[in-house]
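Enquirer: In our numbering, the protein residues as written are 3 to 272.
Submitted below is the structure of interest, expressed as structure tokens.
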Amino acid sequence: MREGDLDAREAALADITREAAELARRLYSDPQGVKLKGKQDYITAADGEVERLIVGRIGERFPQDAVLGEEGGAQGKSDAIWIIDPIDGTANFAHRIPHFSISIGFLSGGDPKLGTIAAPMYGEIFRARRGRGAFCNERRMKVTEPADMNRAIIELGWSVRRPARAYTALLERVLGSGATFLRAGSGALGMAYVADGRTHGYCELHINAWDVAAGVLLVEEAGGWVNDFFAGDALAQGNPVLACAPGLKEALVGLTGVGQANDKLERRIQ
Ligand code: IPD
Ligand code: CA
Numbered sequence: 003m004r005e006g007d008l009d010a011r012e013a014a015l016a017d018i019t020r021e022a023a024e025l026a027r028r029l030y031s032d033p034q035g036v037k038l039k040g041k042q043d044y045i046t047a048a049d050g051e052v053e054r055l056i057v058g059r060i061g062e063r064f065p066q067d068a069v070l071g072e073e074g075g076a077q078g079k080s081d082a083i084w085i086i087d088p089i090d091g092t093a094n095f096a097h098r099i100p101h102f103s104i105s106i107g108f109l110s111g112g113d114p115k116l117g118t119i120a121a122p123m124y125g126e127i128f129r130a131r132r133g134r135g136a137f138c139n140e141r142r143m144k145v146t147e148p149a150d151m152n153r154a155i156i157e158l159g160w161s162v163r164r165p166a167r168a169y170t171a172l173l174e175r176v177l178g179s180g181a182t183f184l185r186a187g188s189g190a191l192g193m194a195y196v197a198d199g200r201t202h203g204y205c206e207l208h209i210n211a212w213d214v215a216a217g218v219l220l221v222e223e224a225g226g227w228v229n230d231f232f233a234g235d236a237l238a239q240g241n242p243v244l245a246c247a248p249g250l251k252e253a254l255v256g257l258t259g260v261g262q263a264n265d266k267l268e269r270r271i272q
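Have a look at this one:
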């Protein structure tokens, strides 16, 4: 994709993210239509409303691009694809807990080129463009290396898509290393926090592409390491994810088993 085409998408993405964040903020005070799609898997009217807004705006400006949304599925066929999670952390949103986000990633040729993650209730928008760094609002972000494992904070995402015992075993291994853990309920925001050096790693044994399409780019552009998340059929099926400060890579790959056979960032650098 030509730089000019990416410039147009970057500018549109900034506008769309702001508009979607305002809508989600308005809807937050009184969540409507709270339902379960499955065990511990929430949906609200806001998920559909925010996704329709984002997909509609993309369609007005870039009708030739494909779209993959958590709620609406895949639309169109193109090498240029927008991947959208309208409300990530829906369980939090449904219970009026402000830790939720909106994630929009843009991939061209299978590689994430643009990404934004908005945290509407915190007034923060995280964004990145491939090769141009990652920012929280206007501040440049950088991952942080903990002095040692005894000071490390690793977020461990959880869903019913993997057996409980796989999660508790992972938790036990991470705690055994001296690190502590977090499970704050928005995978996208978890990735943004690694990029901003608030935590040192994010791991989840299975996550969907819409949760991390923007986050992978944010972490890489902030100097972090991420496993080859987009390998295989990740857009349709999801994959495990591990993102961290580079100094923790070896330890966390060993502890989590994620990222052993692939190393996209290093491949790109070589
Ligand atoms: C979930 C959240 C959660 C993560 C799950 C996701 P949703 O997305 O990101 O933190 O652990 O894997 O499914 O359902 O809130 O959009
Ligand atoms: Ca999600």
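Yeah, the Cβ is synthetic: ideal placement off N, Cα and C, and Gly gets one too.
Quick caveat: nothing in here was measured; it's all calculated off a predicted structure.
Between the C-alpha atoms of residue 73 and residue 186, what's the straight-line distance to the nearest angstrom?
Expert: Taking the straight line from one Cα to the other gives about 22 Å.
Enquirer: Give the secondary structure of residue 9 by DSSP, where H, G and I count as helix, E and B as strand, and everything else as coil.
Expert: It is helical.
Enquirer: What are the start and end residues of the alpha helix (DSSP H) that includes residue 59?
Expert: Where residue 59 is concerned, the enclosing alpha helix (DSSP H) stretches over 47-63.
Enquirer: As a quick exercise: from 3, 119 and 100, pick the residue whose alpha carbon is nearest that of residue 88.
Expert: The shortest C-alpha separation from residue 88 is found at 119.
Enquirer: Any chance you could list the beta strand (DSSP E) runs of at least 3 consecutive residues sitting entirely within the segment 181-216, in chain order?
Expert: For the segment 181-216, whole beta strand (DSSP E) runs of length 3 or above, ordered along the chain, are 182-184 and 203-209.
Enquirer: Quick check on residue 144: does DSSP put it in helix, strand or coil?
Expert: Coil.
Enquirer: In three-state DSSP terms, what is residue 239?
Expert: Three-state DSSP puts residue 239 in a helix.
Enquirer: What three-state label does DSSP hand residue 73 in the structure shown?
Expert: Residue 73 falls in the coil class under three-state DSSP.
Enquirer: For residue 144 and residue 110, I'd like the C-alpha separation in whole angstroms.
Expert: Spanning the two alpha carbons is a distance of roughly 24 Å.
Enquirer: Quick one: measure Cβ to Cβ for residue 201 and residue 184, integer angstroms, because I've assumed they're closer than 8 Å.
Expert: Indeed, because the Cβ distance is near 6 Å, the residues count as touching under 8 Å.
Enquirer: Secondary structure at residue 18, three-state DSSP: helix, strand or coil?
Expert: Residue 18 falls in the helix class under three-state DSSP.
Enquirer: How long is the line joining the alpha carbons of residue 218 and residue 149, rounded to whole angstroms?
Expert: Approximately 24 Å between the Cα atoms of the pair.
Enquirer: Looking at ligand 1, does it come within less than 7 Å of residue 210, judged from the CB to the closest heavy atom?
Expert: Correct: residue 210 has its Cβ closer than 7 Å to ligand 1.
Enquirer: Just curious, the beta strand (DSSP E) that residue 115 is in, first and last residue?
Expert: Residues 113-121.
Enquirer: How should residue 158 be labelled, buried or exposed, when 16 other C-beta atoms within 10 angstroms of its C-beta is the threshold for buried?
Expert: Classification of residue 158: buried, given that the 10 Å Cβ count is 16 or more.
Enquirer: For residue 197 and residue 247, what's the separation of their Cα atoms in angstroms?
Expert: Using only the alpha carbons, I get a separation of about 8 Å.
Enquirer: Taking all protein chains shown into account, decide if residue 105 is buried (16 or more other Cβ within 10 angstroms of its Cβ) or exposed.
Expert: Buried, because 16 or more other Cβ atoms sit within 10 Å of the Cβ of residue 105.
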